[in-house]
DNA sequence: CGACTTTATAAAGCCCCTTTCCTAACCCCT
DNA sequence: AGGGGTTAGGAAAGGGGCTTTATAAAGTCG
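Residue numbers (the working numbering), protein chains in the order written: chain F, 281 to 694; chain C, 281 to 694.
As structure tokens, this is what we get:
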């Protein structure tokens with residue numbers, strides 16, 4: 281709420297690093313042009329990042345008369361970031377270098393019974409240990425671990441306030457993790473993780489207002505407003521999945537009726553398919569992934585049942601996304617998470633059409649609807665980005681107070 | 281998007297003046313405590329406002345040992361602000377002093393046929409002339425005129441991009457108004473006007489995130505996010521009224537089906553009533569105001585039809601507001617505009633219950649739902665506030681370059 | 001009437017960004 | 001090979017903002 285000139289610095293630091301990661305190697309001039317900052321500011325910021333060894337000088341640009349531009353690039357080996365995506369049935373952990381390339385990956389499956397925090401924590405700890413070992417990184421180089429856990433999260437205290445899938449209430453997840461993991465930890469939820477991933481590296485880069493729609497088992501939206509994440513007063517903004525789209529409609533697992541998630545979440549889609557064609561071969565009961573994959577394949581081959589099932593789904597999805605367009609008037613709506621990735625461009629095309637029908641023309645005209653361009657798990661990437669932000673933030677902290685060395689007893693007044 | 285230290289100054293200037301208006305008279309100390317700024321900063325800001333004659337020193341607080349605190353108060357006669365609320369059937373204009381008291385008011389009715397921009401403009405010009413004459417204000421004291429017009433507005437160029445009620449497309453309203461009105465003009469739409477009114481003077485004061493729900497003939501939401509208005513990329517965020525609440529539901533005047541507005545706008549409520557009891561005496565066909573007033577009276581007296589009609593309406597309204605709570609996770613939801621004002625506290629109580637049923641428990645627990653505390657037309661007040669903001673903004677502009685007075689030819693080096 | 005307290009203003013310091021100036025580095029040309 | 005011309009990058013100066021500290025001003029109380 282209270283803004284200070286330091287916030288400006290932090291934002292600029294983010295912006296410069298973001299730009300370097302996006303276009304490595306690059307020159308100070310390019311950075312200044314891209315960020316709108318003055319050369320002097322860019323130079324100091326670049327200096328800072330060089331001091332931190334997060335970037336390095338990598339040579340010079342060819343010049344056609346005049347001093348050649350010095351080039352800087354991400355110092356990939358300057359540190360490592362770990363992103364943890366905890367979901368209902370799995371834990372994905374990825375270890376990134378500073379260029380946000382995946383250096384190592386570890387997945388753990390969780391059996392349906394495993395719902396105790398301790399069980400989840402041990403999976404996470406194991407996977408984190410694994411990626412560090414795989415990558416052969418010395419611990420000191422890990423700048424931080426970002427952890428995404430579904431549900432409502434208090435990121436300040438690191439408490440999972442409520443996780444619907446395991447019925448957790450106020451689990452002090454960060455404290456539990458701290459016992460097993462020695463690196464700085466950052467906790468948030470997948471909605472915000474994927475939003476920040478898009479903001480730094482994906483389709484929301486450089487956009488002021490964007491909505492990242494997560495289509496997975498659960499459904500929700502990450503909100504980028506005014507160039508930053510919108511969290512809401514209790515860090516639970518973006519619960520689009522439990523927005524009502526059909527009053528008194530289908531029962532949702534949240535206990536209410538007619539939620540968006542009940543129609544466009546993975547199991548909602550399965551239900552749509554079942555209602556359309558109860559014994560379609562596309563349907564793999566009890567296996568969301570397989571069913572969605574089958575639908576995707578069906579879309580590709582033009583299987584009429586698949587096409588119709590998706591069309592039915594998009595009827596709801598389009599209306600839901602149109603609501604977001606009307607409410608937020610974003611520059612871009614990004615479709616993310618595994619269902620969106622699986623169904624791909626055909627889905628997006630359908631969604632565009634449906635949104636055009638439902639949204640107001642002006643806001644619709646102002647917004648693009650795109651698929652997430654992030655090739656890996658956006659939640660892991662976003663979680664790692666939280667760690668990166670954390671590492672950059674602490675740069676801004678006041679440098680250790682300069683201790684005026686106590687002068688030794690010297691001559692008394694003569 | 282680009283933040284500079286000047287924005288901080290502007291925000292602080294707003295904050296201090298806001299606080300003075302809210303608690304006049306007040307001391308610098310109180311202001312510092314309320315705003316979180318240092319005394320020195322408050323003192324300079326107060327000095328600035330004193331120089332502008334927007335506030336005055338009005339004496340001292342009694343002291344119990346120590347220098348007494350100087351008190352400042354709004355200089356009500358330091359200027360006048362005009363708010364113009366253009367709606368489908370009327371133009372309301374109010375003239376405010378700097379304490380935002382209404383000094384004069386003028387209403388013009390517009391007959392259904394009058395839909396040409398020129399006609400509307402002439403009504404506005406007449407009403408503005410009228411309030412200035414009534415208040416006996418010299419023109420120079422009018423700091424600005426804020427104009428609210430329904431639909432989508434480009435505030436930078438002053439163009440009404442689209443006004444559904446008159447089917448306007450890209451009407452250069454501000455240019456037309458400039459020909460008749462000599463004061464600085466500010467254009468925006470009623471959603472944002474009422475939101476800014478709540479932000480400065482109403483239930484959203486001091487809140488970081490608030491949603492102002494407008495329940496009138498039209499329906500929409502003003503969004504206060506991160507302490508400021510959220511406009512979206514084309515200044516049309518907040519179109520909650522045309523969000524889908526019942527897929528394939530009632531036809532809305534926007535041409536789509538199942539919009540929130542079709543159920544909870546004034547004519548939607550009338551339709552709810554008609555469906556419930558087609559020949560209720562509460563129903564005044566063709567007269568929204570009378571019908572809503574009758575319903576309000578019925579609520580007071582416990583008329584079962586009125587109670588049921590409102591309950592039916594709240595079924596939709598509650599779900600719609602719950603969607604806002606889930607999506608934005610605001611601190612407060614403010615119910616505003618004439619329908620909300622007319623139905624009053626009984627409506628709010630029903631809405632609270634309904635939202636509790638529809639929203640997720642955590643976000644719901646974090647948000648209050650209240651009636652707008654603004655006693656007059658919030659849209660006029662908000663529009664005037666735009667003018668006030670405009671006047672304060674221009675303070676920040678670079679002061680006229682200090683011309684170093686050319687020294688007259690003096691003695692040459694002796 | 002002096003001591004103590006509290007307020008208000010002035011001064012100094014820090015943070016941030018930008019503009020300006022100057023040197024460094026490189027190309028090309030003679 | 002050694003000057004121009006040109007561009008990059010850093011250092012210094014300047015401007016805007018906020019805060020802390022010092023100082024002056026204005027009371028009360030003993």
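C-beta: ideal position from N, C-alpha, C; glycine also. As the structure is a computational prediction, the values presented were derived from the model and not from experiment.
Reference residue i; option with closest CA among the options
| i | options | result |
| --- | --- | --- |
| residue 318 of chain F | F:289, F:375, F:393 | F:289 |
| residue 379 of chain C | C:304, C:338, C:505 | C:304 |
| residue 299 of chain C | C:320, C:335, C:282, C:286 | C:335 |
| residue 453 of chain F | F:434, F:463, F:409 | F:434 |
| residue 421 of chain C | C:531, C:468, C:308, C:356 | C:356 |
| residue 607 of chain F | C:503, C:587, C:579, C:362 | C:503 |
| residue 487 of chain F | C:514, C:634, C:468 | C:514 |
| residue 446 of chain F | F:393, F:311, F:581 | F:393 |
| residue 400 of chain F | F:369, F:339, F:425 | F:369 |
| residue 293 of chain C | C:338, C:326, C:548, C:483 | C:326 |
| residue 498 of chain C | C:547, C:388, C:283 | C:547 |
| residue 560 of chain C | C:589, C:615, C:532 | C:589 |
| residue 615 of chain F | F:448, F:490, F:417 | F:490 |
Residue i to residue j span [Cα, whole Å]
| i | j | result |
| --- | --- | --- |
| residue 287 of chain C | residue 437 of chain C | 22 angstroms |
| residue 440 of chain C | residue 494 of chain F | 35 angstroms |
| residue 342 of chain F | residue 348 of chain F | 6 angstroms |
| residue 663 of chain F | residue 459 of chain C | 55 angstroms |
| residue 609 of chain F | residue 432 of chain C | 11 angstroms |
| residue 462 of chain C | residue 534 of chain C | 36 angstroms |
| residue 661 of chain F | residue 375 of chain F | 9 angstroms |
| residue 330 of chain F | residue 306 of chain F | 14 angstroms |
| residue 673 of chain F | residue 297 of chain F | 12 angstroms |
| residue 396 of chain F | residue 321 of chain C | 52 angstroms |
| residue 359 of chain C | residue 631 of chain C | 40 angstroms |
| residue 295 of chain C | residue 655 of chain C | 22 angstroms |
| residue 485 of chain C | residue 478 of chain C | 7 angstroms |
| residue 474 of chain F | residue 361 of chain C | 45 angstroms |
| residue 323 of chain C | residue 466 of chain C | 30 angstroms |
| residue 419 of chain F | residue 386 of chain F | 17 angstroms |
| residue 748 of chain C | residue 552 of chain F | The requested residue 748 of chain C does not occur in the structure, where chain C is confined to residues 281 to 694. |
| residue 310 of chain C | residue 647 of chain F | 45 angstroms |
Spatial neighbours of residue i in its chain, beta-carbon cut-off 8 angstroms, leaving aside the 5 residues before and after
| i | result |
| --- | --- |
| residue 564 of chain F | 570, 571, 574 |
| residue 301 of chain F | 354, 378, 379, 380, 480, 481 |
| residue 340 of chain C | 348, 349, 350, 351 |
Within 8 angstroms, strictly: CB atoms of residue i and residue j
| i | j | result |
| --- | --- | --- |
| residue 429 of chain C | residue 443 of chain C | yes |
| residue 622 of chain C | residue 652 of chain C | no |
| residue 408 of chain C | residue 352 of chain C | no |
| residue 450 of chain C | residue 659 of chain C | no |
| residue 411 of chain C | residue 390 of chain C | no |
| residue 583 of chain F | residue 556 of chain F | no |
| residue 597 of chain F | residue 587 of chain F | no |
| residue 644 of chain C | residue 605 of chain C | yes |
| residue 628 of chain F | residue 650 of chain F | yes |
| residue 345 of chain F | residue 308 of chain F | no |
| residue 384 of chain C | residue 406 of chain C | no |
| residue 382 of chain C | residue 457 of chain C | no |
| residue 426 of chain C | residue 471 of chain C | no |
| residue 285 of chain F | residue 285 of chain C | yes |
Cβ-based neighbour list, residue i, same chain, cut-off 6 angstroms, excluding 5 preceding and 5 following
| i | result |
| --- | --- |
| residue 529 of chain C | 537, 538 |
| residue 550 of chain C | 571 |
| residue 617 of chain F | 494, 495, 496 |
| residue 524 of chain C | 538 |
| residue 316 of chain C | none |
Close-in-space but distant-in-sequence residues of the same chain around residue i (CB under 7 angstroms, 5 per side omitted)
| i | result |
| --- | --- |
| residue 291 of chain F | none |
| residue 455 of chain C | 438 |
| residue 312 of chain C | 318, 319, 322 |
(request) Mind the definition here: the region 639-652 of chain C touches the region 596-608 of chain C only if three or more C-beta pairs lie below 8 angstroms; say whether that holds. (result) As far as the Cβ criterion goes, the region 639-652 of chain C touches the region 596-608 of chain C, which means the pair count is three or higher.
(message) Tell me whether the region 539-547 of chain F and the region 504-512 of chain F touch, counting them as touching only if at least three CB pairs, one residue from each stretch, are closer than 8 angstroms.
(response) The region 539-547 of chain F vs the region 504-512 of chain F: no contact.
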